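These notes concern the structure reproduced below.
Number of protein chains: 2
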Amino acid sequence: MKKNNLLSQAPAMLNIGIDGFNDSVTANGGTLASIQWQPPGNADPALAWQLAQLIGDERIEAANDEACQRIINARPMWEDMALRADGVIPELKGARLLLHAGPPVRWRDMCGPMHGAMAGAVLYEGWAKTELEATQMLKSGQIDFAQCHDFNSVGPMTGIISASMPLIQVRNVSYGNVAYCTLNEGIGKCMRFGANGPEVIARLKWFESVLAPILKAAVRHNFDKTGGIDLKAIQSQALLMGDEVHSRNAASTALFFMAIAPALAAQPNLNSDHVHQTLDFIAKNSQFFLNYSMASCKAIMDAAHGIPYSTVVTATARNGTETGLRVSGMGASWFTAKSDLPQGLFFPGFQETDACPDIGDSAITETAGFGGCSFAASPALTLLAGGTVNDAVRYSKEMYEITVTKNPALSLPALDFAGAPCGIDVRKVVDTGIRPVVTTGIAHKDAGVGQIGAGIVRVPMEAYSKALSAIAEKF
Amino acid sequence: MKKNNLLSQAPAMLNIGIDGFNDSVTANGGTLASIQWQPPGNADPALAWQLAQLIGDERIEAANDEACQRIINARPMWEDMALRADGVIPELKGARLLLHAGPPVRWRDMCGPMHGAMAGAVLYEGWAKTELEATQMLKSGQIDFAQCHDFNSVGPMTGIISASMPLIQVRNVSYGNVAYCTLNEGIGKCMRFGANGPEVIARLKWFESVLAPILKAAVRHNFDKTGGIDLKAIQSQALLMGDEVHSRNAASTALFFMAIAPALAAQPNLNSDHVHQTLDFIAKNSQFFLNYSMASCKAIMDAAHGIPYSTVVTATARNGTETGLRVSGMGASWFTAKSDLPQGLFFPGFQETDACPDIGDSAITETAGFGGCSFAASPALTLLAGGTVNDAVRYSKEMYEITVTKNPALSLPALDFAGAPCGIDVRKVVDTGIRPVVTTGIAHKDAGVGQIGAGIVRVPMEAYSKALSAIAEKF
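From first to last, the protein sequence lines are chains A and B. First residue of the first sequence: 1, per the working numbering; consecutive thereafter. First residue of the second sequence: 476, per the working numbering; consecutive thereafter.
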């Protein structure tokens, strides 16, 4: 029953931020509009003060514009296959060194898949005969670890690079820098998920003897005329074709395939069985292009790194334990925090408690404007990763709030072909409280089980808070 | 100045349908809301009466459900290349007969491109030595014409099929029927646009000697195991990848390419130069799959044809002069009207007055639920054909108003993966006044200039009115 005098009228409220009051309002029959807001600086007054000092700094604005210009102008070309990693990363030669995804991590802090993959790499290199022996060597410090990112390279999931592995070689011809990534193993039992059984090792040996030489023949065919294969052109086309070129690469893989097959058919002297094996392997793996996308993005972002005063993030990388950031103006420092668990859809038989914390260097794609930044381009990804088409669009829109500009070379059809978000700005993330969205596969927490789902994860705010503090102190 | 008594208040009006009153209302300061509406039956009382008799007829509803079930259950497989059309269409053997797109049309009523293409086919078949001679033969009745659709076949634009042309052969394995289409010639000077110079004839000869035999080797490889290549699977995937598989086939062509290249690589005895030429030709022609899409749709729709009482359209075809419909329950009759001019974007140097009226059998794709029905799947097409992403979505939504059901095998990502509009119902078109949207290339009105743009066209209402009258009379 409604009374009609002013005093007894139900309250109509506007609530900004914390929603603790909401229940009491609605419980008493009130109507409520709520505006999402949180104080800048992650509610930390000291951080907010540091942020205030950095906002509007003209040196930073100019440096960030320069970083974004470099991202926009980048021209990553797949120019070669390095048949052995130690041929292009000399530190691997003759050393017992493994590169891995993400920021630094000690053996005892590594997740299950990272342990499994490292043991697998030791077996693959022939440094040990059994997994037990391999694990002992790793545990006792006989093997050194380092980060892919420190060697112009990236790796998906565990991201292991060892001396004998062939690497995709990408040159950013606008700036001259080179980036590397391993080849994609497909789905199921893979080293990138920590599997290390004989079939995993055998596949990697097949990469050496068949896949990489054939891919090399493809990319080097007519090289003087073509300069290789334009990866940004493929990525950009794929955004019009339902990929965000991180968690969905169906179109980019097909476009890539269509670029290499004629080049192979033009070379009748190649081993035809090897050509067939190669084409068959790629045609059956719709994520094959992911590793190319990663190498492309690494080549793009490395050229935007090292600009004094720039607060643009140039790497986001996870090792399954921690997520780390690198910032253009902050040199080689990693700003890290504990990795979150991805949220999404799980394959039948698996659930969230089976998931490994967020892992892999593939978030370099978000850093370059793909993946979560371009989720609006990939409604089909929601079939795999959950959420609705509206969510996909919303994620991209959110990312505009924390980026410097739009990349005119990358169009998002669902947003009327607006340029993709370009240049994640540490300041804007801390100011808005909006954490970058990463589209990601979900690995099982135990070594070797493989992918158990797909979804999204947010980069931890703590990594951004640390980066902002360090920036404020330095500048 | 606003007066405050009731009599002088500005009018607030709701207008339904004709907007002739609107101006006078707004000119006098009134506010107006307008609802689009037009009387059913295209404002023709006799037609409206016929329509009223057909709406709710249970025999029709059941027949239309059956037609749509057949569309949904269809399984069009590319099973072979017919190396000569007259090997599978016996009427072409030894006869001076040309098949063309659309409903029947006399020589003197044909558009420029149709004249040019027919002359080209006469030259290609070696029935004449010069274009002049060929045209004389055609004019004087020494060559017979018939419609592709009457021979289980379809052709894009002018759609000429002559005895020597290789044909894509598609079997709807759910129902056993077979459909044929020629191979796509690429862009520029092509017979389908009426070009008939030496390079056009040479390309068609190369189809005979190189392209078709290599494609045959691809589709027949491992045929007993695969049964061929599943075209609906490619079309359905492509809807998730920015194609509507009529005017945009970038994804479907890439998926098709990825299906055939491994099959070719598995056969080292093939002429490697021919394989290379074939792959190179397809990789450079993003509309190559269109003709496969058309054959697939013809195979789908022929199985839905011939259901007594069904008012579902089973063919929409244009000859550059007239547009014709076939209706499932109405046998081989064509219901025709003058073709409209397509609206869209023109390539530099061309304009609407250069355009040929709507032409080609490719609107079979709309009839099967692709093209304009699935425009929402293809925001990227608006870059070529004009309009906005919202327009693309709106067109698909409109098509739900005139179709029987949704096809669960074909998902439209932008509409939260709703099934594509399925089964255009003659009654609903006449009732709502909504004419089917066709996405289409725009041909120059003169023979041989080629494609000058892309856009959309609506099927003429008169064709629907005639179909409805005939249905009412028959039932």
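The C-beta atom is built at its ideal place from N, Cα and C for all residues, glycine as well. Here the structure is a predicted model, which is why all the values come from computation and not from measurement.
Answer with buried or exposed for residue i, where buried requires no fewer than 16 other C-beta atoms within 10 angstroms of its C-beta.
i, result
"Ile530 of chain B", "exposed"
"Glu322 of chain A", "buried"
"Thr353 of chain A", "exposed"
"Glu366 of chain A", "buried"
"Lys920 of chain B", "buried"
"Ser140 of chain A", "exposed"
"Gly116 of chain A", "buried"
"Ile456 of chain A", "buried"
"Arg435 of chain A", "buried"
"Pro935 of chain B", "buried"
"Lys477 of chain B", "A caution first: Lys477 of chain B carries a pLDDT of 46, below 50, which makes its placement in the model unreliable, though a value can still be read off. That one is exposed."
"Ser963 of chain B", "Because chain B in this structure spans residues 476 to 950, residue 963 of chain B falls outside the shown range and cannot be described."
"Glu244 of chain A", "buried"
"Arg248 of chain A", "buried"
"Ala376 of chain A", "buried"
"Asn766 of chain B", "buried"
"Ile471 of chain A", "buried"
"Lys604 of chain B", "exposed"
"Lys941 of chain B", "buried"
"Leu47 of chain A", "buried"
"Ile16 of chain A", "exposed"
"Arg801 of chain B", "buried"
"Phe698 of chain B", "exposed"
"Thr314 of chain A", "buried"
"Lys700 of chain B", "exposed"
"Trp334 of chain A", "buried"
"Thr388 of chain A", "exposed"
"Lys903 of chain B", "buried"
"Leu14 of chain A", "exposed"
Pull up the DSSP beta-bridge partners for residue i, would you.
i, result
"Pro588 of chain B", "Its beta-bridge partners do not exist; DSSP assigns none."
"Thr26 of chain A", "In DSSP, Thr26 of chain A forms no bridge with anything."
"Lys813 of chain B", "B:Glu797"
"Ala489 of chain A", "With chain A running from 1 to 475 in the structure shown, residue 489 of chain A is simply not present."
"Ala448 of chain B", "With chain B represented from 476 up to 950, any question about residue 448 of chain B goes unanswered, as that position is not in the structure."
"Met488 of chain B", "B:Leu507"
"Gly453 of chain A", "A:Phe346 and A:Ile442"
"Ile168 of chain A", "A:Met81 and A:Cys181"
"Ile704 of chain B", "B:Trp553"
"Asp900 of chain B", "B:Val787"
So residue i and residue j are in contact, right, with Cβ under 8 Å, and what is the actual spacing, rounded?
i, j, result
"Met165 of chain A", "Ala85 of chain A", "5 Å"
"Ser886 of chain B", "Gly898 of chain B", "Going by Cβ atoms, the distance from Ser886 of chain B to Gly898 of chain B rounds to 17 Å, so no, they are not a contact pair."
"Arg447 of chain B", "Ile834 of chain B", "Lying before the first or after the last residue shown, residue 447 of chain B is absent from chain B, which here runs from 476 to 950."
"Lys232 of chain A", "Ala74 of chain A", "7 Å"
"Trp553 of chain B", "Val694 of chain B", "6 Å"
"Lys189 of chain A", "Gly448 of chain A", "6 Å"
"Gly102 of chain A", "Asp416 of chain A", "36 Å between Cβ atoms; not a contact."
"Gly194 of chain A", "Pro113 of chain A", "3 Å"
"His100 of chain A", "Gly159 of chain A", "6 Å"
Indicate whether at least one CB of chain C lies closer than 8 Å to the CB of residue i.
i, result
"Met733 of chain B", "In summary, chain C is missing from the structure at hand, where the protein chains are A and B."
Determine contact between the segment 755 to 762 of chain B and the segment 726 to 742 of chain B, defined as no fewer than three beta-carbon pairs at a distance below 8 Å.
yes
State whether the segment 294 to 302 of chain A contacts the segment 761 to 772 of chain B, with contact taken as three or more CB pairs (one from each stretch) at a distance under 8 Å.
no
Restricting to runs no shorter than 3 residues, where is the beta strand (DSSP E) found entirely within the segment 56 to 83 of chain A?
Every beta strand (DSSP E) of 3 residues or more that sits fully in the segment 56 to 83 of chain A is shown, in chain order, as 76 to 82.
Cβ contact check for the segment 122 to 135 of chain A and the segment 173 to 190 of chain A: 3 or more pairs under 8 Å
They do not touch, by the three-pair rule.
Do three or more CB pairs link the segment 64 to 80 of chain A to the segment 396 to 405 of chain A at distances below 8 Å?
yes
At which residue ranges does the segment 835 to 861 of chain B contain complete beta strand (DSSP E) runs of 3 or more residues, listed in the order of the chain?
none
Taking three-plus beta-carbon pairs below 8 Å as touching, is the segment 264 to 273 of chain A in contact with the segment 432 to 447 of chain A?
Cβ pair count under 8 Å is below three, so no.
Could I get the ranges of all uninterrupted alpha helix (DSSP H) runs contained in the segment 241 to 305 of chain A, with 4 residues as the minimum, in chain order?
The segment 241 to 305 of chain A contains these whole alpha helix (DSSP H) runs: 250 to 265, 272 to 283 and 290 to 303.
Taking one C-beta from the segment 335 to 354 of chain A and one from the segment 450 to 464 of chain A each time, how about it: are there three or more such pairs within less than 8 Å?
yes
Entirely enclosed beta strand (DSSP E) segments - the segment 591 to 639 of chain B, minimum 3 residues
619 to 622
Return the chain-ordered ranges of every beta strand (DSSP E) run that is complete within the segment 645 to 697 of chain B and spans a minimum of 3 residues.
653 to 656
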